[in-house]
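Participant:
There are 2 protein chains.
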Amino acid sequence: MALNEFSLIKQYFADATQKRQDVIVDIGDDCAVLCCPEDSDIAISIDTLVSGIHFFADVDPFTLGHKSLAVGLSDLAAMGATPAWFTLALTLPELDENWLSAFAEGMTALASQHNIQLVGGDTTKGPLTISIQVHGLVKKGTQLRRSQAKLSDKIYVSGTLGDAGAALQKRLSSWQPSELTEQDWLFLNKRLEQPSPRLAISQKILPFTHAAIDISDGLLADLGHILETSGKGARINLDAIPLSSSLQKIDRQQALKFALSSGDDYELCFTVAADQVAAVEALNLDIQQIGEIIDEQTIVLLDEDGKPSILDITSKGYDHFA
Amino acid sequence: MALNEFSLIKQYFADATQKRQDVIVDIGDDCAVLCCPEDSDIAISIDTLVSGIHFFADVDPFTLGHKSLAVGLSDLAAMGATPAWFTLALTLPELDENWLSAFAEGMTALASQHNIQLVGGDTTKGPLTISIQVHGLVKKGTQLRRSQAKLSDKIYVSGTLGDAGAALQKRLSSWQPSELTEQDWLFLNKRLEQPSPRLAISQKILPFTHAAIDISDGLLADLGHILETSGKGARINLDAIPLSSSLQKIDRQQALKFALSSGDDYELCFTVAADQVAAVEALNLDIQQIGEIIDEQTIVLLDEDGKPSILDITSKGYDHFA
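First to last, the protein sequences are chains W and U. Just so you know, we're using our numbering here: the first sequence kicks off at 1 and counts up by one. Just so you know, we're using our numbering here: the second sequence kicks off at 1 and counts up by one.
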């Protein structure tokens, strides 16, 4: 198979994404050339998904195309950046036009939704591997860092947590609680396979937020990155952890375990100064206050009876919860 | 193997590359944040190298690290851009510290030479695959396009052509002409495994050049891209094709075949208006005028006896030469 990288990328992907004014040279030359507005910096993130590691080899290619781009868009959201351009390095074992067409459709649909243009790529033959680099614009000085959490900040998360983890658990084991209906599984699988990057929320909370991260490895692990880089700790009210109506049906300890420790949520976790809470709440976003930043470098989990579990984040003690 | 992407990338790569003033947020957050000067645009290119396809699985990891980055730097040179930042998506079958250390050494040595900083990356487990995206700065309006060749432009190439092709041919077959010494093979292999991106030449010819491309797929194929996008043809003097002293030792037809049709040279091919030739020659660069742009969309190859071979580039007739 001699894939012509430009024609393949153009045929399936490029012509189906937005055409932006700030793309000076598009696909088809040695480089793409991009214009950054004077008042902005460029935020970039690259992620690789490998078949059999990050996704099941038989996954629906439409949802895989969606998720491959969503992962990067979620990083842009966590940084407070607005999507602009992306590149796609696609390694394929064979040229399966049906697969490729569905994969491209899932990817370009999400790209159009967020006005991000495919500006470059490479296609090679080999084991199925997808690397995507996203580029966003962020007004100078406004980027959301992990390291800027302050004492007494309130901790928020978007959406609901643990849904993707529950869907994955079902795929990987015989776990299938009788409380969950087919409708629940459709919802949970969609949360796993087609996450929604929280770009709209990110732009709205930007002026009020100290620190932010996207939850890709589980709340405790990702909040842990905020705490480590900020030199702080957190007190979390387990009762406040947002659970979907599907996860509310199952055993509470199990649901909380998914919400705290499983990955692939692609929700935002961010901190807000106490005196900005009213402004943030007034935005009426799909977000939930779940705790606050403390000085001691631990994560204190408060259960409904007020009994605390204390995790030592300096020793990467997340596994203790498992 | 649970690779921690940040610690691995930081340990082996990031701390060994330049620290640039224009990197606002370095490795370790959701995105890197980069500052583009007001007078410049950003040129980007992504390339993937797959084990067994683009390189031999047993290749020296130092040279593989060098080449993985050199391929992208060569694209920046072809665009007239100055290197600034790169990202590395590395998929590894296992964590082999000796391999990784040598790979990183080869890559960071070249990065330091060209003042390009590693600002992001992803490490995953899977079949050995290396995706690198390079980012360069190009003064607004000065980017070198493939499509800007004009009638009567003189065609130049840098360095010598076909060396990498000869080295590859030896690896892939029993071909081993008796004229070539061990020293020749050392030279030819180095040309294959450690190409030198022509960034210095690119910056010097920038003001005088209409169209440019880097030669990665063979002179005829890559010059063909210039001709197709410019709607032009070319007359090439085969006598003028620059051959290394090693390739000058072998059968001339064989040497020319490598020079015209084999890949991996990573030299520049560019066109210069006739009235700029004196200025370009005065630069005293390692470049050679090999022909000129004509209106008819063919490639005419003139041999030493003046007998032309005509290639129909509109029908992608490069294979006829093989």
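A virtual CB, placed ideally from N, CA and C, is assigned to each residue, including glycine. The model shown is predicted, which means the values in this text are computed figures rather than measured ones.
#1: List the residues of chain W whose Cβ lies closer than 9 Å to the Cβ of Pro197/U, in chain order.
#2: If the cut is a Cβ gap below 7 Å, which residues of chain W does Ala76/U touch?
#3: Pair every Cβ in the region 293–303 of chain W with every Cβ in the region 229–239 of chain W, then say whether three or more of these pairs are closer than 8 Å.
#4: Spatial neighbours of Phe62/U within its chain, please: C-beta separation below 8 Å, excluding the five flanking residues on both sides.
#5: Given that Lys19/W touches chain U, what residues does it touch there, using C-beta distances under 8 Å?
#6: If you measure from the beta carbon of Val25/W to each beta carbon in chain U, is any gap under 8 Å?
#7: So with Cβ pairs under 8 Å, would you call Glu38/W a contact of chain U?
#8: Nearest by alpha-carbon distance to Glu38/U: which of Thr271/U, Gly231/U, Lys140/U and Ala84/U is it?
#9: In the DSSP assignment, the beta strand (DSSP E) including Asp217/U goes from what residue to what residue?
#10: Check whether chain U comes within 8 Å of Ala43/W, counting only Cβ atoms and requiring the distance to be less than that.
#11: Please determine, among Leu243/W, Leu220/W, Asp286/W and Ser245/W, the residue with the shortest C-alpha to C-alpha distance to Ser309/W.
#12: Run down chain U in chain order and give the residues with a C-beta less than 7 Å from the C-beta of Met107/W.
#13: When the Cα atoms are used, what is the spatial distance from Gly52/W to Glu193/W?
#14: Let's see if you can read the secondary structure: which residues bound the beta strand (DSSP E) around Val59/U?
#15: With 16 as the cutoff for other CB atoms within 10 Å, does Asn115/W come out buried or exposed?
#16: Let me make sure I understand the geometry here. Which of Ala166/W, Ser196/W, Asp222/W and Pro177/W has the alpha-carbon closest to that of Asp30/U?
#17: Would DSSP call Trp85/U helix, strand or coil?
#18: Any C-beta of chain W sitting closer than 8 Å to the C-beta of Ser158/U?
#19: Can you say whether Gln183/U is buried or exposed, counting buried as having 16 or more other CB atoms within 10 angstroms of its CB?
#20: If we count the other Cβ atoms within 10 Å of its Cβ and call it buried at 16 or more, is Trp175/U buried or exposed?
#21: Count the other CB atoms, across all protein chains shown, that sit within 10 Å of the CB of Ile44/W; report buried if there are 16 or more and exposed otherwise.
#22: Chain W partners of Ala211/U, CB-CB under 8 Å?
#23: Can you tell me whether Gln133/W is buried or exposed, with buried defined as 16 or more other CB within 10 angstroms of its CB?
#24: For Asp237/U, name the three-state secondary structure that DSSP assigns.
#25: If we define contact as Cβ-Cβ less than 8 Å, is Val59/W a contact residue for chain U?
#26: If you draw a straight line from the alpha carbon of Ala166/U to that of Ile241/U, how long is it in whole angstroms?
#27: Mapping DSSP to helix, strand and coil, what is Ser40/U?
#28: Thr129/U and Thr87/U look like a contact to me (Cβ under 8 Å); what is the Cβ gap, rounded to whole Å?
#29: I need the straight-line Cα distance from Asp251/W to Ser173/W, nearest angstrom please.
#30: Apart from the five residues on each side of it in sequence, which residues of its chain come closer than 7 Å, Cβ to Cβ, to Ser68/U?
#31: Distance, Cα to Cα, Phe258/U vs Gly306/U?
#32: On the DSSP bridge assignment, give the partners of Lys139/W in chain order.
#33: State the beta-bridge partners of Lys10/U as determined by DSSP.
#34: Using a Cβ-Cβ distance cut-off of 8 Å, determine whether Val300/U contacts chain W.
#35: What residues from the region 83–111 of chain U come within 9 Å of chain W, judged by C-beta to C-beta, listed N to C?
#36: By Cβ distance, which residues of its chain are closer than 7 Å to Ile213/U, with the 5 residues on each side in sequence left out?
Facilitator: By the coordinates alone:
#1: Within chain W, no C-beta atom comes nearer than 9 Å to that of Pro197/U; the closest sits roughly 11 Å away.
#2: Note that residue 76/U corresponds to Leu in the displayed sequence, not to Ala. By Cβ distance, chain W contributes Cys31.
#3: yes
#4: Contacts found: Ala102, Phe103, Glu105 and Gly106.
#5: Under the 8 Å cutoff, chain U gives no residues; its nearest Cβ is about 17 Å from Lys19/W.
#6: yes
#7: Glu38/W counts as touching chain U.
#8: Lys140/U
#9: Asp217/U: not part of any beta strand (DSSP E); DSSP gives it neither H nor E.
#10: yes
#11: Closest option to Ser309/W, Cα to Cα, is Leu220/W.
#12: Residues of chain U whose Cβ lies closer than 7 Å to the Cβ of Met107/W do not exist; the shortest such Cβ separation is about 15 Å.
#13: 14 Å
#14: Boundaries cannot be given for Val59/U, as no beta strand (DSSP E) includes it and DSSP labels it neither H nor E.
#15: exposed
#16: Asp222/W
#17: Shown here, Trp85/U sits in a strand according to DSSP, grouped into three states.
#18: no
#19: exposed
#20: exposed
#21: buried
#22: Within chain W, no residue comes near Ala211/U; the closest Cβ sits about 10 Å away, beyond 8 Å.
#23: buried
#24: In the sequence as presented, Asp is not what sits at residue 237/U; that position holds Asn. In the three-state reduction of the DSSP assignment, Asn237/U falls in the strand class.
#25: no
#26: 15 Å
#27: strand
#28: With a Cβ gap of about 14 Å, Thr129/U and Thr87/U do not count as contacting.
#29: The straight-line gap from Cα to Cα measures roughly 17 Å.
#30: Closer than 7 Å at Cβ, skipping near neighbours: Leu49, Met107, Ile130 and Ile132.
#31: Between Phe258/U and Gly306/U, the alpha-carbon positions lie close to 21 Å from each other.
#32: Looking at the DSSP assignment, Lys139/W forms a beta bridge with Ser40/W.
#33: Paired residues: none, contrary to the question.
#34: no
#35: The region 83–111 of chain U vs chain W, Cβ under 9 Å: Trp85, Thr87, Leu88, Ala89, Leu90 and Thr91.
#36: Ala78, Arg146, Asp222, His225, Ile226 and Cys269
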